[in-house]
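Visitor:
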Amino acid sequence: QICWHKFARYWDVELREIPMRPGQLFMDPKRMIEACDENTIGVVPTFGVTYTGNYEFPQPLHDALDKFQADTGIDIDMHIDAASGGFLAPFVAPDIVWDFRLPRVKSISASGHKFGLAPLGCGWVIWRDEEALPQELVFNVDYLGGQIGTFAINFSRPAGQVIAQYYEFLRLGREGYTKVQNASYQVAAYLADEIAKLGPYEFICTGRPDEGIPAVCFKLKDGEDPGYTLYDLSERLRLRGWQVPAFTLGGEATDIVVMRIMCRRGFEMDFAELLLEDYKASLKYLSDHPKLQGIA
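The numbering of the sequence shown is the numbering used here, which starts it at 6 and goes up by one.
1. Classify ASP237: buried if its beta carbon has 16 or more other beta carbons within 10 angstroms, exposed otherwise.
2. For the beta strand (DSSP E) holding LEU225, just list the boundary residues, first then last.
3. If contact is defined by three or more beta carbon pairs under 8 Å, each pair taking one atom from either stretch, is the stretch 225–237 in contact with the stretch 193–206?
4. For ALA87 and THR51, what's the separation of their Cα atoms in angstroms?
5. Quick check on GLN29 - is its C-beta less than 8 Å from some C-beta in chain C?
6. Indicate the three-state DSSP secondary structure (helix, strand or coil) for CYS268 in the structure shown.
7. To the nearest angstrom, report how far apart ALA258 and ARG26 are at their CA atoms.
8. If you draw a straight line from the C-alpha of PHE144 to the C-alpha of GLN152, how long is it?
9. What are the start and end residues of each continuous beta strand (DSSP E) run of 3 or more residues lying completely inside the stretch 80–140, in chain order?
10. Starting from ILE7 and walking both ways along the alpha helix (DSSP H), at which residues does that stretch end?
11. Residue range of the alpha helix (DSSP H) that THR320 falls in?
12. For the stretch 67–83 against the stretch 109–124, are there 3 or more C-beta pairs whose distance is under 8 Å?
13. Within the same chain, show all residues whose beta-carbon is closer than 6 Å to that of GLN64, passing over the 5 residues directly before and after it, in chain order.
14. Taking only the alpha-carbon atoms, compute the straight-line gap between ARG265 and LEU235 and give it to the nearest angstrom.
15. How should LEU289 be labelled, buried or exposed, when 16 other C-beta atoms within 10 angstroms of its C-beta is the threshold for buried?
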């Protein structure tokens, strides 16, 4: 997540990132604990990994930190980067324990513009309580007609995105958000089921609510050669108007090429059917023109 690389550079913080590995694409308790010491200021699970769409489930990490404190006396808090999952799990997977139900979670960030249905540029951060937000970070101004606290890093910004988010909260409510997000998951699950029939694919994320965000992410099965690469397929889909990226994973898994399809409000079942038609047409083209294959 590039935002954390920016944070570490701007504030001169040593970033200890748990790299992806083949067969181990997410932060696991063992490797997390190995990266912790008395100078660790926090652990940040990504609740909706950008590369694959899966959740890094905070509870196993939280439990490992409890044991780490019992063994060493070192108390480490957690921040949940829920940029994608923060506006999904509360509505479609409420039984996943990822939030302030975990005592070590002191703050949560979420993007209103991703799955919160707000315009681009709307983001949120909330703290467990006032004590979790150091007062030295809050500046009070009185020239706006009263004592108003601010802790934003940037300067003046338009309020339109916030107002639009507030409007969606009032218009949709919990029930409306649940319906909207469930519809996206239904489309993602349908795409995963149908694409699985079209090639030798291994799915990393199938777009189910208990697994991650409504995204479909897959790779070619090891040892399989369907006569095309995912880069070839992505290019054919792009020529037909679809942005379905193929890319390599990060860390120690850069030899793994995946394709990812993101499903959000507006991408409904009729669009999914159109995508599948173009997907099949692209496969036929690649089968009929094997000499145009790339190598990856």
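Backbone N, C-alpha and C fix where the C-beta goes; we use that ideal spot for every residue, glycine too.
Guide: Working from what's here:
1. For this step, residue 237 is matched to residue 232 along the sequence shown. By the neighbour-count criterion, in which 16 or more other beta carbons inside 10 Å mark a residue as buried, ASP237 falls on the buried side.
2. Position 220 of the sequence shown, counted from the start, is the residue given in the question as residue 225. DSSP places LEU225 in the uninterrupted beta strand (DSSP E) bounded by 220–225.
3. Pairwise C-beta distances place the stretch 193–206 in contact with the stretch 225–237, as three or more of them are shorter than 8 Å.
4. As a working mapping, residue 87 is identified with position 82 in the sequence shown. As a working mapping, residue 51 is identified with position 46 in the sequence shown. The alpha-carbon separation between ALA87 and THR51 amounts to approximately 6 Å.
5. In the structure shown, chain C cannot be found, because there is only a single protein chain.
6. On the sequence shown, position 263 is the one that residue 268 refers to. Reduced to three states, the DSSP call for CYS268 is coil.
7. If you number the sequence shown from 1, residue 258 lands on position 253. If you number the sequence shown from 1, residue 26 lands on position 21. Cα to Cα, the separation comes out at about 5 Å.
8. Numbered from 1 along the sequence shown, position 139 holds the residue referred to as residue 144. Numbered from 1 along the sequence shown, position 147 holds the residue referred to as residue 152. The straight-line gap from Cα to Cα measures roughly 10 Å.
9. Entirely contained in the stretch 80–140, the beta strand (DSSP E) runs reaching 3 residues are, in chain order, 83–86, 110–116 and 128–132.
10. Stepping through the sequence shown from its first residue, residue 7 is reached at position 2. Counting along the chain, the alpha helix (DSSP H) containing ILE7 begins and ends at 7–15.
11. Only positions 6 to 301 of the chain appear in this structure, which leaves residue 320 out of reach.
12. The stretch 67–83, when compared against the stretch 109–124, does touch it at the 8 Å Cβ threshold.
13. By one-based count along the sequence shown, residue 64 stands at place 59. Sequence-distant partners of GLN64 (beyond 5 residues in either direction) whose C-beta falls short of 6 Å from its own C-beta, in its chain, are VAL102.
14. Walking along the sequence shown from the start, residue 265 turns up at place 260. Walking along the sequence shown from the start, residue 235 turns up at place 230. If you take the alpha carbons of ARG265 and LEU235, they lie about 10 Å apart.
15. Here the question's residue 289 lines up with position 284 in the sequence shown. In the sequence under discussion, the amino acid at residue 289 is Lys, which differs from the Leu named in the question. Exposed.
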